[in-house]
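Enquirer: Numbering (mature numbering (1 follows the signal peptide of the UniProt record, and there is no 0)), first residue to last: -20 to -1, 1 to 467.
Input: one structure, supplied below.
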Amino acid sequence: MVSRELQFLLLTVWFSNSFASQINDIICPEHDPRVYSILIPHPSDCTKYYECSNGVSVLENCPPGLEFNPILFVCDWPNRAGCVHGCAPLIVENGSSWEPTSCVSGKSEFGAECSIQCASGYERSDIVTIQCTTNGWNSTNGTDVIPHCKHTQGCAPLSIVEGSSWTPTSCVYGKNDIGTECSIQCDADYERSGSNTIQCTGDGWNSTDGIDFIPSCKQTPGCTPLNIVEGSSWIPTSCVNGKNDIGTECSIQCADGYERSGSVSIQCTGDGWNSTDGIDFIPSCKQTKGCAPLNIDESRSWAPASCGNSKSDIGTECSIQCADGYESSGSVTIQCTTDGWNSTDGLEVIPSCKHTQGCAPLNFDEGSSWAPTSCVSGKNDIGTECSIQCADDYGWSGSVTIQCTTEGWNSTDGIDVIPSCKHTQGCVPLNVEVCSSWAPTSCASGNSDIGTVCSIHCVDGYERCGSVNVQCTAYGWNSTDGLNVIP
C-alpha cells in the first residue's frame, strides 16, 4: 500500500511540470514501481479527477454532489474538499507581469480576464489578454496559446547550476549587453559540455566557436552514493559514503521481515548503476511480514492499543474508536494481510473519523479579528455566529457575519466564502536589491502613504530599467511617467 506522503510528493512534482508547461492535456508522473496508481485533480473541474495507472491517465467523475479532495485523494463533500473552480495561477517569467495580480496569486474564477505586461527591453507576442474558461486559459481572440515576453535587447542572466560558475560574475546577476563575453568554470568532478566562452549577440547567446547552445558542466565518470532506506544496507559501506569509481560493485542486504526486489549486486558503469545480471534498476528491500502501525490523532484511537503503537502481525484485527463529535468513515474493523491493511468487509481503505458536530476555529489573518473571540479559540457549536472586524486601512471582502451549520461555515447572506480583510490604503515596502537603493529610505523600511514619491538609485555598473520615480496610489505603486512597472 502506497503512503499518502509518496502520493503527495509525486503529485507535487507533476503539478510543477504540468503548470509550468501550460498545457491542457494531462500527463501522468513518471511511473514509479512502488506506486500502482495516483489520483490527480482536474485543473478546472472540481467534480472530476484523473487516475494514473502505469503512466496512463483515465478521466473519472465524482459521485453527484461530491468534489475531489486533493489532500485526501478522495471524492468529498464540497465544503471539505476545498476545491476552487477556475484556472491555475499564471506563471511570472523574466520580463513579464500580469494584471490583475490575482492572476498569479491563486486560482482565477471562470470568466476572469488577465493581461500580460512586458518590462523595458522585452516585447509581447501577438496576444495581450487571456480568459479563464471551463477548458482552461484561452486568449480572447480564440487562440489557445498563453502570451509571453521575450528579450528585444541584450541577453538574459545566465543560470548557475550544480557544478558550475561563470566569469565575470555579472553574467548571472543581471541583463547582459550585446558584445558581453562569459566563460563557464566547472568544479572538481565535473567536465564542460560545449564551448568555454559564449557571447551576447542580437540573436541571444552564441558561443565564440560557432556552436549555439549554452555550455554546461556534467559530472565526470563515477556513480553517486547509494541511499539507505528502511530495512536495507549496502556492502561495502563505502557504497553509501561517497562517490563510487567505475567498476565498483555493491551488494544489498535486507533485514529480517524484508525481501529483496531486483538483483543482489549492482556495478558502477559509465552510464551509472547497472545490475550484474543485466537489470538496470537499483534493488530495494520491501516488507514481507506484518503491517505498519496505524495513525492515532485527536479524532481516533485503535483497539487493541498495540495497533497504533507498533507493527502488527499478519492476521491481526484492529477496530477504530472515534472521539466525541466524530464518526467513522469506512469499515470499523481492518485486518493485517500480506498485502497490507484490508477491511473485513472487502474495502481497502483504512477508516478515519470525521467531525459530526460544530465547526473548526477561524483563522487570524493580518488586519482582522473575530467577535466573539471564542470563534478562534476552539470548536464552534452549530448555530454560532461570528463577525469579522477589520483594522484601520483594511476593508472586508465577503460577508460580515458567518454562521456554523451542519455543512460548515456559511455566511448569513447565502455566500459560502469565509470573509477576510485586505489593505485599502497605502503601499507595501519596496524591495532593496544588491544593485539598487531607494530614497527616501523609508520607502523600503515600511508601508508608504498614498502620494509618497520614491526614487531608485543604481550602483556603479548597473543601469536603471523603467522610471526613476514611483508614486504610491490607491491602486499601488505607479511610475510618475504613467508606466505601471516598478523600476
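In this text, a Cβ means the ideal position worked out from N, Cα and C, and glycines have one as well.
Helix, strand or coil for Asn176 per DSSP?
Expert: The residue you call residue 176 lines up with position 196 of the sequence shown. Asn176: coil per DSSP, three-state reduction.
Enquirer: Count the other C-beta atoms from every protein chain shown that fall within 10 angstroms of the C-beta of Thr27, then say buried if there are 16 or more, exposed otherwise.
Expert: Residue mapping note: residue 27 aligns to position 47 of the sequence shown, counting from 1. By the 10 Å Cβ count, Thr27 comes out buried.
Enquirer: Looking only at its chain, what residues have a beta carbon closer than 6 Å to the beta carbon of Ser163, apart from the 5 residues adjacent to it on each side?
Expert: If you number the sequence shown from 1, residue 163 lands on position 183. The answer, listed in chain order, is Thr147, Asn176, Thr177.
Enquirer: Taking three-plus beta-carbon pairs below 8 Å as touching, is the stretch 245 to 254 in contact with the stretch 264 to 283?
Expert: No contact exists between the stretch 245 to 254 and the stretch 264 to 283.
Enquirer: Under a three-way DSSP split, which group does Ala340 fall into?
Expert: Against the sequence shown, residue 340 aligns to sequence position 360. The answer is coil: DSSP assigns Ala340 none of H, G, I, E or B.
Enquirer: Identify which residue in Cys452, Thr386, Gln179 has its Cα closest to the Cα of Asn427.
Expert: The residue you call residue 427 lines up with position 447 of the sequence shown. Of the listed residues, the one whose Cα sits closest to Asn427 is Cys452.
Enquirer: If distances are taken between C-alpha atoms only, which option among Cys63, Cys94, Gly86 comes closest to Trp78?
Expert: One-based indexing of the sequence shown puts residue 78 at position 98. Comparing Cα positions, the closest option is Cys94.
Enquirer: For Ala68, does the three-state DSSP call read helix, strand or coil?
Expert: Position 88 of the sequence shown, counted from the start, is the residue given in the question as residue 68. Ala68: coil per DSSP, three-state reduction.
Enquirer: Give the secondary structure of Val54 by DSSP, where H, G and I count as helix, E and B as strand, and everything else as coil.
Expert: Locating residue 54 in the sequence shown gives position 74, where the first residue counts as 1. In the structure shown, Val54 sits in a strand (DSSP, three-state: E or B).
Enquirer: With distances taken from CA atoms, which of Gly446, Asp429, Gly358 is nearest Ile436?
Expert: For this step, residue 436 is matched to residue 456 along the sequence shown. Closest option to Ile436, Cα to Cα, is Gly446.
Enquirer: With H, G and I counted as helix, E and B as strand and the rest as coil, what does DSSP make of Thr392?
Expert: If you number the sequence shown from 1, residue 392 lands on position 412. Note: Thr392 maps to coil in three-state DSSP.
Enquirer: Restricting to Cα atoms, I'd like to know which of Gln133, Thr386, Lys87, Cys151 is closest to Ile140.
Expert: Locating residue 140 in the sequence shown gives position 160, counting from the first residue. Checking every option, the nearest Cα to that of Ile140 belongs to Cys151.
Enquirer: Which residue from Cys265, Val380, Asn360, Cys434 puts its Cα closest to that of Gly305?
Expert: By 1-based counting over the sequence shown, the position of residue 305 is 325. Gly305 has its Cα closest to that of Asn360, out of Cys265, Val380, Asn360, Cys434.
Enquirer: State the start and end residues of the unbroken beta strand (DSSP E) segment that holds Gly222.
Expert: On the sequence shown, residue 222 is found 242 positions in, with the first residue counted as 1. Segment: none, Gly222 is in no beta strand (DSSP E) and carries neither H nor E.
Enquirer: Do you know how far the Cα of Arg240 is from the Cα of Phe261?
Expert: Numbered from 1 along the sequence shown, position 281 holds the residue referred to as residue 261. Numbered from 1 along the sequence shown, position 260 holds the residue referred to as residue 240. Cα to Cα, the separation comes out at about 13 Å.
Enquirer: Asp56: buried (16+ other C-beta within 10 angstroms of its C-beta) or exposed?
Expert: To locate residue 56, count along the sequence shown from 1; it is residue 76. With 16 or more other Cβ atoms within 10 Å, it is buried.
Enquirer: Measuring CB to CB, does Ser76 end up less than 9 Å from Ala92?
Expert: Your numbering for residue 76 matches position 96 in the sequence shown. Your numbering for residue 92 matches position 112 in the sequence shown. No, the pair does not count as a contact, with Cβ atoms beyond the cut-off.
Enquirer: Given that a residue counts as buried once 16 or more other Cβ atoms are within 10 Å of its Cβ, and exposed if not, what is Ser245?
Expert: The count along the sequence shown starts at 1 and reaches residue 245 at position 265. Answer is exposed; the Cβ neighbour count stays below 16.
Enquirer: Can at least three beta-carbon pairs, one atom from the stretch 163 to 174 and one from the stretch 196 to 216, be found at a separation below 8 Å?
Expert: Touching, yes, given that three or more Cβ pairs across the two stretches are closer than 8 Å.
Enquirer: Check Ala371 in the structure and name its three-state DSSP category.
Expert: What you label residue 371 is simply residue 391 of the sequence shown in a count that begins at 1. DSSP places Ala371 in coil when its eight states are reduced to three.
Enquirer: How long is the line joining the alpha carbons of Ala168 and Gly134, rounded to whole angstroms?
Expert: For the purposes of this step, residue 168 is identified with residue 188 of the sequence shown, where counting begins at 1. For the purposes of this step, residue 134 is identified with residue 154 of the sequence shown, where counting begins at 1. Their Cα atoms are separated by approximately 32 Å.
Enquirer: Taking 6 Å as the limit between beta carbons, can you name the residues of its chain near Gly227, skipping five residues before and five after?
Expert: Numbered from its first residue, the sequence shown carries residue 227 at position 247. Correct list: empty, nothing qualifies.
Enquirer: Under the three-state reduction of DSSP, which class applies to Cys98: helix, strand or coil?
Expert: Position 118 of the sequence shown, counted from the start, is the residue given in the question as residue 98. In this structure, Cys98 counts as strand in the three-state DSSP scheme.
Enquirer: How should Ile96 be labelled, buried or exposed, when 16 other C-beta atoms within 10 angstroms of its C-beta is the threshold for buried?
Expert: Position 116 of the sequence shown, counted from the first residue, corresponds to residue 96. Looking at its Cβ environment, which holds 16 or more other Cβ atoms inside 10 Å, Ile96 is buried.
Enquirer: Can you tell me whether Ser311 is buried or exposed? The criterion is at least 16 other CB atoms within 10 Å of its CB, across all chains shown.
Expert: Along the sequence shown, read from residue 1 onward, the residue named residue 311 stands at position 331. Label assigned to Ser311: buried.
Enquirer: Buried or exposed: where does Gly66 fall if 16 or more other Cβ atoms within 10 Å of its Cβ makes it buried?
Expert: Locating residue 66 in the sequence shown gives position 86, where the first residue counts as 1. Label assigned to Gly66: buried.
Enquirer: What number of angstroms, rounded off, separates the C-alpha of Asp25 from the C-alpha of Thr113?
Expert: As a working note, residue 25 is residue 45 in the sequence shown. As a working note, residue 113 is residue 133 in the sequence shown. Roughly 10 Å between the two C-alpha positions.
Enquirer: Flag this pair as yes or no: are the beta carbons of Leu410 and Cys401 separated by less than 9 Å?
Expert: Indexing the sequence shown from 1 puts residue 410 at position 430. Indexing the sequence shown from 1 puts residue 401 at position 421. For Leu410 and Cys401, no; Cβs fall outside 9 Å.
Enquirer: Among all the DSSP beta bridges, which residues are the ones paired with Gly456?
Expert: Translated into the one-based positions of the sequence shown, residue 456 becomes position 476. Looking at the DSSP assignment, Gly456 forms a beta bridge with Thr453.
Enquirer: Which whole-angstrom value is the C-beta distance of Phe232 and Pro205, which I expect to be below 8 Å?
Expert: On the sequence shown, position 252 is the one that residue 232 refers to. On the sequence shown, position 225 is the one that residue 205 refers to. A small correction: the amino acid at residue 232 is Ile; Phe does not occupy that position in the sequence shown. The pair is not a contact, with the Cβ atoms about 14 Å apart (cut-off 8 Å).
Enquirer: Let's test the definition: count the other Cβ atoms within 10 Å of the Cβ of Lys155 and tell me whether it reaches 16, buried, or not, exposed.
Expert: Sequence index remark: in the sequence shown, residue 155 carries index 175 (1-based). Answer is buried; the Cβ neighbour count reaches 16.
Enquirer: Measure the beta-carbon distance from Cys234 to Cys265 and round it to whole angstroms, keeping in mind my assumption that it falls under 8 Å.
Expert: What you label residue 234 is simply residue 254 of the sequence shown in a count that begins at 1. What you label residue 265 is simply residue 285 of the sequence shown in a count that begins at 1. Cys234 to Cys265, Cβ: 4 Å. Contact.
Enquirer: Which term fits Asn275, buried or exposed, when burial requires 16 or more other beta carbons within 10 angstroms of its beta carbon?
Expert: To locate residue 275, count along the sequence shown from 1; it is residue 295. Counting Cβ neighbours within 10 Å, Asn275 comes out exposed, since fewer than 16 surround it.
Enquirer: Can Tyr238 and Thr268 be called in contact, C-beta distance under 9 Å?
Expert: Here residue 238 refers to the residue found at position 258 when the sequence shown is read from its first residue. Here residue 268 refers to the residue found at position 288 when the sequence shown is read from its first residue. Yes, these two residues count as a Cβ contact at 9 Å.
Enquirer: First and last residue of the beta strand (DSSP E) that includes Gly446?
Expert: Position 466 of the sequence shown holds residue 446. Taken as a continuous stretch (DSSP letters only), Gly446 belongs to no beta strand (DSSP E), as it is neither H nor E.
Enquirer: With which residues is Ala351 paired in a DSSP beta bridge?
Expert: Within the sequence shown, numbered from 1, the residue matching residue 351 stands at position 371. For Ala351, which the question treats as bridged, DSSP gives the partners Ser367.
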